[in-house]
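Residue numbers (our numbering), protein chains in the order written: chain A, -6 to 530; chain B, 192 to 330. Notes follow once the structure below has been shown.
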Amino acid sequence: MNDRAKDELKPVTNESGIEVKPLYTAADVEASGGLTMLGQPGEYPFTRGIHRLMYRKQPWTMRQYAGFGNPADTNKRFKYLIANGQTGLNVAFDLPTQIGLDSDDPLAEGEIGRVGMSVDTLRDFEVAFDGIDLNKITVSLTINGAAAILIAMYLAMAEKRGYDVKQLRGTAQNDILKEFIGRGTWIFPVEPSIRLVGDTIEYCAEHAPKYSPVSVCGYHIRESGANPAQEMAYAFCIAKAYADDVIKRGLHVDEFAGRLSYNFNIFGNLFEQVAKFRAGRGLWAKIMKEQYGAEKPGSMWLRMIAAGGGGGLTFEQPEVNIVRGAYYALISALSGTQTMALCSYDEAYTIPTEYSARISLRTMQLLIEEMGLTETVDPLGGSFYVETLTNQMRQKMEEIMAEVDAQGGIVKLVSEGAIQSKVSAQAYKMQRDIESGKFRKVGVNCYRNEKEEEHPVEFHPYNEEDTRVQIAGLNKIRAERDPAKVSQALGRLSADASAGRNVMPALVEAVKAYATVGEMTQEMVKIFGRYQEPIRF
Amino acid sequence: MTAAQKSVSTTRRIKVLLAKPGLDGHDQGAKVVVRALMDAGMEVIYTGLRQTPEAVARMALDEDVDVIALSSLAGSHVPFCTKLKPLLEANHLQDKLWVIGGNLPAQDHDVLRQLGFTGIFPTGSKLDAIVDYIREHVK
Chain A
-6 MNDRAKDELK PVTNESGIEV KPLYTAADVE ASGGLTMLGQ PGEYPFTRGI
44 HRLMYRKQPW TMRQYAGFGN PADTNKRFKY LIANGQTGLN VAFDLPTQIG
94 LDSDDPLAEG EIGRVGMSVD TLRDFEVAFD GIDLNKITVS LTINGAAAIL
144 IAMYLAMAEK RGYDVKQLRG TAQNDILKEF IGRGTWIFPV EPSIRLVGDT
194 IEYCAEHAPK YSPVSVCGYH IRESGANPAQ EMAYAFCIAK AYADDVIKRG
244 LHVDEFAGRL SYNFNIFGNL FEQVAKFRAG RGLWAKIMKE QYGAEKPGSM
294 WLRMIAAGGG GGLTFEQPEV NIVRGAYYAL ISALSGTQTM ALCSYDEAYT
344 IPTEYSARIS LRTMQLLIEE MGLTETVDPL GGSFYVETLT NQMRQKMEEI
394 MAEVDAQGGI VKLVSEGAIQ SKVSAQAYKM QRDIESGKFR KVGVNCYRNE
444 KEEEHPVEFH PYNEEDTRVQ IAGLNKIRAE RDPAKVSQAL GRLSADASAG
494 RNVMPALVEA VKAYATVGEM TQEMVKIFGR YQEPIRF
Chain B
192 MTAAQKSVST TRRIKVLLAK PGLDGHDQGA KVVVRALMDA GMEVIYTGLR
242 QTPEAVARMA LDEDVDVIAL SSLAGSHVPF CTKLKPLLEA NHLQDKLWVI
292 GGNLPAQDHD VLRQLGFTGI FPTGSKLDAI VDYIREHVK
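This is how it looks when you write it as structure tokens:
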């Protein structure tokens, strides 16, 4: 290309702030650092994939986010998804459950079963997972503030059904630091919240070594306004904060790091996203090996769900979201993820219907069955562009992580509201750029329909009757359970929380005695207090 | 008179209470709107998450705001506004401007209007539309 043609081109910068050239050659790869971090799939630093054969051996797990109403309603949806070929479950809980309120708490009024299923006691888990083989279908619990309680509940439910908890697989989201940045289902202040995450990691390392107690989420930080490089860099800072807490307790990194997992977002520029995941894999492996002294390869793996894309979907022309979702799934497959999930096309409006959830599932299946995405590992590896961008994204992430450290660390920055303020300022700028047309969104600021359809999606009905049924069930449990066992377990929980002991054994005991989510939360609030949100703009 | 002139003619800055009602944790949109209103020269009190109807009414009264704005994305806007309306009225705040934004299905708009929320800004609304509406309708 001659200089004149080059001059005529408008400069392009991706969301992470990296300039994108019209053409890449081997010289660009070399200038960005070469292929020193590339390696082979299944080998350190795992840039090309954490397993040698990746999808050739086993395709990604498909795990649509689902849950609403009572546990019985959710059980029905789970079975529908499994019957349609879904290979994992990802449980959505209603807001009262997520913030530790019982269904009859006055603050829960109008929220029962609305955005997820309601859970008060172990009985609800027994109903929700009835008839589902927990060895065949792994379950991911999207729970954070109340995660320690619901992990205890899941392990107790599995044990009660005769599963060997030592062999039990599954994941809990349990990433509280990102809840302070976005999503907002916090309960306790920052320090005890991190301690609770540490408790779950420590407990699972010993009692449920195949269970993944934490899935660190860049996803929601991205949704809150972070760019892709920040998304991954902040998630790594957060994961390190949890790892540090556990190491302080005397565990070696190899005793728990193999069960840490991640949740990342997939909307945006395809190449930037793929480079983000490849860069992140190499960087995380390097951090674990060089900074933490990990020796087991599993401790260095960036195991992840690359999912959702909600922030990229539009309210306008919702059916076009089916196509966006297909591209997001493609990004996810090209990224070498372990698990995939898609926000459904109607999700900007409502809880997905069976129909829209099935379209999402079919989208992922199509990539496996028809498009050849499972046949070859890291198919974009070796592209001059992708390798250059991978190096540049990794360097960006390292810069962001160094900046966080220089400013006092992620825990301090989140406690003060500094990260929240930074990402919300970026979200504001992005919204202005979308409204001005600078950042193009099809159907939003270009190619708009003259008239939007009046009823473009089918709304998921909210059933007021669910609340009555849920509260009746809760009262029945309260009447039937052994009150002495409940108060003994809650007393132990209080004592352990207060003495700084790991609360998980007490939570497991309390859950088995059918203590309620609200009762267990209250005991801990008495000791830990409640989080006060820093308001900072 | 244009909206801009009207706001200049008032003696003080427009003061807005922007609240996150109920248990919903989606605050990205609310925070974006806070910044847009501040950029437009308004004084904004952002409540943070998990406000009860009682807390919203009390803050609106204590802070003597001109506008009571809610941001709701998790579907509980109708029950919340139903509880909030009598509390605002009891505090003699019915002459203030009540607006709401977020994930608000079209079939709920009439109900919200009947509850006194005259400014309704569902997902996809432009920031300038919110700013202009407040400037034009603030009493």
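From the three backbone atoms N, C-alpha and C, an ideal C-beta is built for every residue, glycine too. Only a predicted model underlies this, so the values are computations on that prediction, with no experimental measurement involved.
Within 7 Å (strictly less), CB to CB, does residue 464(A) reach chain D? In the displayed structure, chain D is absent; the protein chains listed are A and B.
Neighbour flag for residue 305(B) against chain A, beta carbons, 7 Å: With respect to chain A, the C-beta atom of residue 305(B) has no partner C-beta closer than 7 Å.
May I ask you to report which of helix, strand or coil DSSP gives residue 315(A)? Per DSSP, reduced to three states, the secondary structure at residue 315(A) is helical.
Within the same chain, show all residues whose beta-carbon is closer than 6 Å to that of residue 256(A), passing over the 5 residues directly before and after it, in chain order. Cβ neighbours of residue 256(A) beyond the five flanking positions: 208, 210, 212, 298.
Please classify residue 329(A): is it buried, with 16 or more other beta-carbons within 10 angstroms of its beta-carbon, or exposed? Note on residue 329(A): 16 or more other CB atoms within 10 angstroms of its CB, so buried under the neighbour-count rule.
Work out the CA separation of residue 384(A) and residue 226(A) for me, nearest whole Å. One Cα belongs to residue 226(A), the other to residue 384(A), and the distance between them is close to 14 Å.
Three or more C-beta pairs below 8 Å linking the region 380 to 397 of chain A and the region 281 to 288 of chain A: Cβ pair count under 8 Å is below three, so no.
Under 7 Å between C-beta atoms, does residue 428(A) make it to chain B? At least one chain B Cβ lies under 7 Å of residue 428(A).
Counting only Cβ pairs nearer than 7 Å, list the residues of chain B close to residue 424(A). 223, 318, listed in chain order.
Looking at chain A, is there any beta carbon in it that lies within less than 7 Å of the beta carbon of residue 263(B)? Closer than 7 Å: no.
Taking the alpha-carbon of residue 273(A) as reference, which of 222(A), 248(A), 286(A), 128(A) has the nearest alpha-carbon? Residue 273(A) has its Cα closest to that of 222(A), out of 222(A), 248(A), 286(A), 128(A).
Going along the chain, which residues of the region 151 to 178 of chain A sit with their C-beta nearer than 9 Å to a C-beta in chain B? Against chain B - using a Cβ distance shorter than 9 Å - the residues of the region 151 to 178 of chain A are 172, 175, 176, 177, 178.
Between 160(A), 521(A), 86(A), which has its C-alpha nearest residue 128(A)'s C-alpha? Comparing Cα positions, the closest option is 160(A).
Helix, strand or coil for residue 234(B), going by three-state DSSP, please let me know. Reduced to three states, the DSSP call for residue 234(B) is strand.
Looking only at its own chain, which residues have a Cβ that is under 8 Å from the Cβ of residue 306(A), when we skip the five neighbours before and after it? Hits under 8 Å: 260, 314, 317, 318, 336, 338, 340, 341.
Does chain B have any CB closer than 7 Å to the CB of residue 362(A)? Taking Cβ atoms only, chain B never reaches closer than 7 Å to residue 362(A), which makes this a no.
Is there a C-beta anywhere in chain A that falls below 7 Å from the one on residue 270(B)? Cβ-Cβ to chain A under 7 Å: yes for residue 270(B).
Suppose only complete runs of 4+ residues qualify. What are the alpha helix (DSSP H) ranges in the region 466 to 506 of chain A, listed by chain order? Runs of the alpha helix (DSSP H) inside the region 466 to 506 of chain A: 476 to 492, 497 to 505.
Would you say residue 375(A) and residue 216(B) are within 7 Å of each other, going by their C-beta atoms? Here residue 375(A) is not near residue 216(B), since their CB atoms are 7 Å or more apart.
Just by C-beta distance, which residues in the region 319 to 348 of chain A are closer than 9 Å to chain B? Taking 9 Å as the Cβ-Cβ cut-off, the region 319 to 348 of chain A approaches chain B at 341, 342, 343, 344, given in chain order.
Which whole runs of the alpha helix (DSSP H) in the region 383 to 445 of chain A are 4 residues long or more, in chain order? Listed in chain order, they are 403 to 408, 411 to 429.
Counting Cβ pairs closer than 8 Å, one from the region 2 to 21 of chain A and one from the region 41 to 54 of chain A, do we hit at least three? With a cut-off of 8 Å, the region 41 to 54 of chain A and the region 2 to 21 of chain A do not count as touching, because too few Cβ pairs lie within range.
Please report how far the alpha carbon of residue 489(A) lies from the alpha carbon of residue 83(A), in whole angstroms. About 31 Å.
According to DSSP, residue 242(B) sits in a beta bridge with which residue or residues? Per DSSP, 212(B).
Specify the secondary structure class of residue 199(A) as computed by DSSP and reduced to three states. Assigned with DSSP and collapsed to three states, residue 199(A) falls in helix.
Whole angstroms are fine: how far does the CA of residue 286(A) sit from the CA of residue 93(A)? Roughly 37 Å between the two C-alpha positions.
Can you tell me whether residue 197(B) is helix, strand or coil according to DSSP? Bear in mind that a pLDDT of 47 at residue 197(B), under 50, signals an unreliable position, so the number given afterwards is only what the model happens to contain. Three-state result, residue 197(B): helix.
Going by the DSSP bridge assignment, what does residue 291(B) pair with across the sheet? In the DSSP output, where bridge partners are listed per residue, residue 291(B) has 261(B), 311(B).
Select from 239(B), 219(B), 204(B), 308(B) the residue whose C-alpha is nearest the C-alpha of residue 421(A). When only C-alpha atoms are compared, the closest one is 219(B).
Residue 135(A) - containing beta strand (DSSP E), residue span: Here the beta strand (DSSP E) through residue 135(A) covers 131 to 135.
Residues in its own chain within less than 7 Å of residue 118(A) by CB, not counting five upstream and five downstream? The residues 112, 146, 147, 150, in chain order, have a CB closer than 7 Å to that of residue 118(A) in the same chain once the five nearest residues on each side in sequence are set aside.
Can you round the beta-carbon distance between residue 194(A) and residue 239(A) to whole angstroms, since I take them to be within the 8 Å contact cut? Rounded, the Cβ-Cβ distance is 5 Å, consistent with contact.
What's the gap between the Cα of residue 520(A) and the Cα of residue 139(A)? Note on geometry: alpha-carbon atoms of residue 520(A) and residue 139(A) lie some 15 Å from one another.
Cα-Cα separation, residue 157(A) to residue 163(A): About 13 Å.
List in chain order: all unbroken alpha helix (DSSP H) runs of 4+ residues lying wholly within the region 148 to 174 of chain A. Complete alpha helix (DSSP H) runs here, min 4: 169 to 174.
Cβ atoms of residue 346(A) and residue 451(A): under 7 Å apart, would you say? Residue 451(A) places its beta carbon less than 7 Å from that of residue 346(A).
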